[in-house]
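These protein sequence lines map, in sequence, to chains A and B. Just so we're aligned, residue 1 is where the first sequence starts under my numbering, counting upward by one. Just so we're aligned, residue 1 is where the second sequence starts under my numbering, counting upward by one.
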Amino acid sequence: MSVHVRFRVGDENFALPVGQVLEVADLGQLAPVPGAPPAVLGVRNLRGHVLPVIDLAVVLGTAHARPGARLVIAEEAGRRAGLAIDQVTDVTELPGPMQEADSPFIAGSTLVDDELVGVVDLEGVFTAVQGGP
Amino acid sequence: MTEGRPEFLEIFRDEATGRLDHMVDTLLALEAGRAAPDAVDSLFRDAHTIKGAAGMLGLEEIQVLAHAVEDVLDGVRDGGEFPTELIDPLLRAADSLRRHVVGGGEEDADLLEELAASRHQIGRPAPLPPPLPELLRPQVNRRSIRVPAEKLDRLLDLVGETVLHRRRLEHALGDERLQEAESLSDELDVGARLLGELQETAIEMRTLPLSSITGPFPHAVRNIAADRGIEVELVVTGAETELDRVILEGIAEPIIHVLRNSVAHGVGTPAERERAGKSRRGRVELKAEQRGGMVAIVISDDGEGLPPEVFGAAAETGETLVDLLTRPGFSTAREVSELSGRGVGLDAVKTAVESFNGSMSIESVPGRGTTTTLLLPLTLALLDVLLVEREGQVFGLPLPTVEEVVAVDSTLWLAGRPSIELRGHAVPVFDLAALIGSSGAQPARHAPAMIISASGRRIAAVCDLLIGEEEVVVKSLGPLLAPVRGYLGAAILGDGRIALLLDPATLVRGPRATHAPPAPAAEPVPAAGTHPKVLVVEDSFTVRELQRSILEAAGYHVVTARDGRDALRCLDEEAGISLVVTDIEMPEVDGIELIRAIRADERHAGLPVIIVTTRGEEEDRRAGLEAGADAYMAKRSFDQQALLDTIGQLVGS
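Encoded structure:
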């Protein structure tokens, strides 16, 4: 049992351990970075910091019309990025046990209120983005 | 003690490194017979201090070794005469201490034994140090703290953001209210000034003097020389010159490399020097100085200069000495490396210097020596850039790499590649969007093009708009985007927008994606007073009408033909056709036959013909051009502006 930030991307539910989430912000004004992998929407100015913004739906393969309007700003091993999502649902303790998920980007999944919630494997997401287009 | 230990270790490392630098300097001065009268005393004090501090931190090996050094020095302290044979073991002891201090040392029982033995030796006394006035040594302020570079960068980020905040505040208050309340605007002005100073101070905190890396240089030079039987003195001047700490860390190894070249291949052996009428002992100078916004690190020797063969090769190819010596293959060429050895590894030095937006040059005067200059920016935090806009996005280019900005009026074509004429030279021209792997609408006619020069190449990059020059704070794109090539970083502009800073060395390599080179705008040049008449030969109605509308929009008079036979009839009946645009694959008479027929007819022998076809194979292209076409364009990379440009070239005067 640990505290997670729960959020929606398209019609699906995901979560990140609260320890990996720095803050939640608006998508903001993005400057596209030509040559970056397709999942990278661009960079934005977050209080003087240049923050890469990742379209989480593209990485996870979630159906979506356009990038989410909100950002979950997450950090792992010194790598920081904003993950575009649709909306934050809540901050809550996820009940265990976790089921394994068949995706390199999902650390595990669990049922909350009859909905399947996937815990995002931030390390996997960042490494995939870093790995190239 | 144990809890605070890491911090104390940091402080100890700083102090011990400073002391060891001083010891090596002093030992080398003693060897050269130019030491201050209190040289031995100061060596003793350095060793004693290192021993004491190491003891307090429980660093036993350092303590033991420093104690042994102290003992040796104590034995010669009162004599006032320094036995020269002590210099070598003491230098080695200093080296060993340095390795221990940075955490990589191993116990060296032999060295300890040698030091103990040397204490009892009575050596040949070194000449008495001449009674020099007390050496004026700048007092180094040792009251310093270590701060991780990221914290400084964060500080800079916040200062920058505070500047933006102030602007927003000003905007929110509005001009009227600011004019009414003079005290309010005064206070805002004070804030702006304070922020400016704060930013300057934060940037200065990123810099350190060159002396923070030169400590091991004298000893390194001595070792390189000793291995080769060369006598040399290293003179360091301007070591107080400040440079960005990140640059300093990256440039130490390249500097040592150049020093090694200067010693091993520059100054020459004592015998060679005597034959040339020079003193046996050579001189290598390492000089640092500010030059405008840059720092020059100049390494020179007083040897014979580069071999004449190198000058010969440079004159033959018109290359600079740096380009020649760093050319892959050149440095490894056996005869050259035997002649000079100069090039070995120089390409790595050049790469390191260029990675910091610096440049490198080599000068050599026969009989007088060789000088290598590394020109580096003062700091990586600030960069003078030219800001431009393309497709609504702002980009910055390091100002020194932009030679000039020109308006693109006309393009020249060769083998399907556009270039512009710049004072008698053809410079390849590209759309800036294509260069960075993006795409966009055609740049407007007369769009500005930056002439960018880097890594020995020159290109023109077309953008939509010039914004202007600005000094920006360079921010990293972060580890996630580090693998994306072509960016130096990003800058946050006065309005809060982000400008991507482009790496000129990547840009000059040409477009990243496989886009057809988009043609920058060029005016078709109509013959004076008339609309040139163009014959479009094409069996597809759609393509024919598309081409007609493009050409008519550009001011041409257009006649069309459905195939080669139709086209030949048109040429007979219609007067004044000044250009033919034709497809290849057509019924009856195809494009190739049409061209042969045109060329065979002396009335049309000089008529320009452009092939526009889906057949993009090299063979077709050759067949078309052999038949007598003037230009060949593939439909799959069909680009209306490119067609207009080509027509403009062919019908223009």
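Beta carbons are placed, not taken as given, at the ideal position from N, Cα and C, and that holds for glycine.
Which class does residue i belong to by DSSP, given the choice of helix, strand or coil?
| i | result |
| --- | --- |
| Pro130 (chain B) | Unreliable positioning characterises Pro130 (chain B) in this predicted model, as indicated by a pLDDT of 42, which lies under 50. A coordinate reading is not provided. |
| Lys278 (chain B) | coil |
| Arg273 (chain B) | helix |
| Phe44 (chain B) | helix |
| Glu304 (chain B) | coil |
| Met23 (chain B) | helix |
| Ile230 (chain B) | coil |
| Arg47 (chain A) | coil |
| Gly82 (chain A) | strand |
| Leu97 (chain B) | helix |
| Pro89 (chain B) | helix |
| Leu414 (chain B) | strand |
| Thr514 (chain B) | In this prediction, Thr514 (chain B) scores a pLDDT of 38, lower than 50, which makes its location untrustworthy; the coordinate-derived value is nonetheless stated afterwards. Reduced to three states, the DSSP call for Thr514 (chain B) is coil. |
| Phe14 (chain A) | strand |
| Asp55 (chain A) | strand |
| Asp495 (chain B) | coil |
| Phe82 (chain B) | coil |
| Gly238 (chain B) | coil |
| Gln29 (chain A) | coil |
| Phe105 (chain A) | coil |
| Gly33 (chain B) | coil |
| Asp431 (chain B) | strand |
| Leu625 (chain B) | helix |
| Ala212 (chain B) | Ala is not the amino acid found at residue 212 (chain B); the sequence shown has Ser there. Helix at Ser212 (chain B). |
| Gly123 (chain B) | With a pLDDT of 45 at Gly123 (chain B), under the threshold of 50, the modelled position of that residue is not reliable, and the figure given next carries that caveat. Three-state result, Gly123 (chain B): coil. |
| Ala192 (chain B) | helix |
Within 10 angstroms of its Cβ, does residue i collect 16 or more other Cβ (buried), or is it exposed?
| i | result |
| --- | --- |
| Leu16 (chain A) | buried |
| Asn45 (chain A) | buried |
| Ala77 (chain A) | exposed |
| Thr317 (chain B) | exposed |
| Ser555 (chain B) | First, the residue type needs correcting, since residue 555 (chain B) is Gly and not Ser in the sequence shown. Gly555 (chain B) comes out exposed. |
| Ile297 (chain B) | buried |
| Asn223 (chain B) | exposed |
| Ala225 (chain B) | buried |
| Gln547 (chain B) | buried |
| Tyr301 (chain B) | A quick correction: the sequence has Asp, not Tyr, at residue 301 (chain B). It counts as buried. |
| Gly456 (chain B) | exposed |
| Thr401 (chain B) | buried |
| Glu10 (chain B) | exposed |
| Lys278 (chain B) | buried |
| Ile145 (chain B) | exposed |
| Val40 (chain A) | buried |
| Gly131 (chain A) | exposed |
| Gln29 (chain A) | exposed |
Could you tell me how far apart the beta carbons of residue i and residue j are, in whole angstroms, since I believe they sit closer than 8 Å?
| i | j | result |
| --- | --- | --- |
| Arg8 (chain A) | Ile85 (chain A) | 7 Å |
| Leu432 (chain B) | Ala461 (chain B) | 4 Å |
| Ile50 (chain B) | Leu86 (chain B) | Actually they do not touch by this definition, with Cβ atoms about 18 Å apart. |
| Asp384 (chain B) | Glu289 (chain B) | Wrong, their Cβ atoms sit about 20 Å apart, outside the cutoff. |
| Gly396 (chain B) | Leu234 (chain B) | Between Leu234 (chain B) and Gly396 (chain B) the Cβ distance is about 39 Å, and since that is not below 8 Å, they are no contact. |
| Leu208 (chain B) | Leu243 (chain B) | 7 Å |
Kindly list, in the order they appear in chain A, the residues whose Cβ is closer than 7 Å to that of residue i.
| i | result |
| --- | --- |
| Asp157 (chain B) | Gly48, His49 |
| Ile436 (chain B) | Pro34, Gly35 |
| Gly196 (chain B) | The premise fails here: Gly196 (chain B) is roughly 16 Å from chain A at the closest Cβ pair, so nothing lies under 7 Å. |
| Gly160 (chain B) | Gly48 |
Please list the partners that residue i has in chain B, where partner means a Cβ-to-Cβ separation under 9 Å.
| i | result |
| --- | --- |
| Ala31 (chain A) | Gln393, Val394, Ala490, Arg497, Ile498, Ala499, Leu500 |
| Val40 (chain A) | Leu480, Leu481, Val484 |
| Gln130 (chain A) | Pro479, Leu480, Leu481, Ala482, Pro483 |
By the criterion of Cβ-Cβ separation under 8 Å, what are the contact partners of residue i in chain A?
| i | result |
| --- | --- |
| Leu387 (chain B) | Neighbours of Leu387 (chain B) on chain A: none; closest Cβ ~13 Å, over 8 Å. |
Can you pull the chain B residues whose beta carbon is under 8 Å from the beta carbon of residue i, in chain order?
| i | result |
| --- | --- |
| Gly78 (chain A) | Pro479 |
| Phe126 (chain A) | Leu480 |
| Pro52 (chain A) | Leu477, Gly478, Leu480, Leu481 |
Could you name the residues of chain B that residue i contacts, counting a contact when the two beta carbons are closer than 7 Å?
| i | result |
| --- | --- |
| Asn45 (chain A) | Ile492, Gly496, Ile498 |
| Ala81 (chain A) | Leu480 |
Hey, would you say the C-beta of residue i is under 7 Å away from at least one heavy atom of the ligand PLP?
| i | result |
| --- | --- |
| Val609 (chain B) | Absence of the ligand PLP from the depicted structure is noted, as is the absence of any ligand whatsoever, leaving it without description. |
**Message:** Just to confirm the assignment: which complete alpha helix (DSSP H) runs, minimum length 4, are found wholly within the region 317-404 of chain B?
**Reply:** Within the region 317-404 of chain B, the complete alpha helix (DSSP H) segments at least 4 residues long are 321-326, 334-339, 346-355, listed from N- to C-terminus.
* Every unbroken beta strand (DSSP E) inside the region 553-578 of chain B [3 residues or more] -> DSSP runs (the beta strand (DSSP E)) wholly in the region 553-578 of chain B: 557-561.
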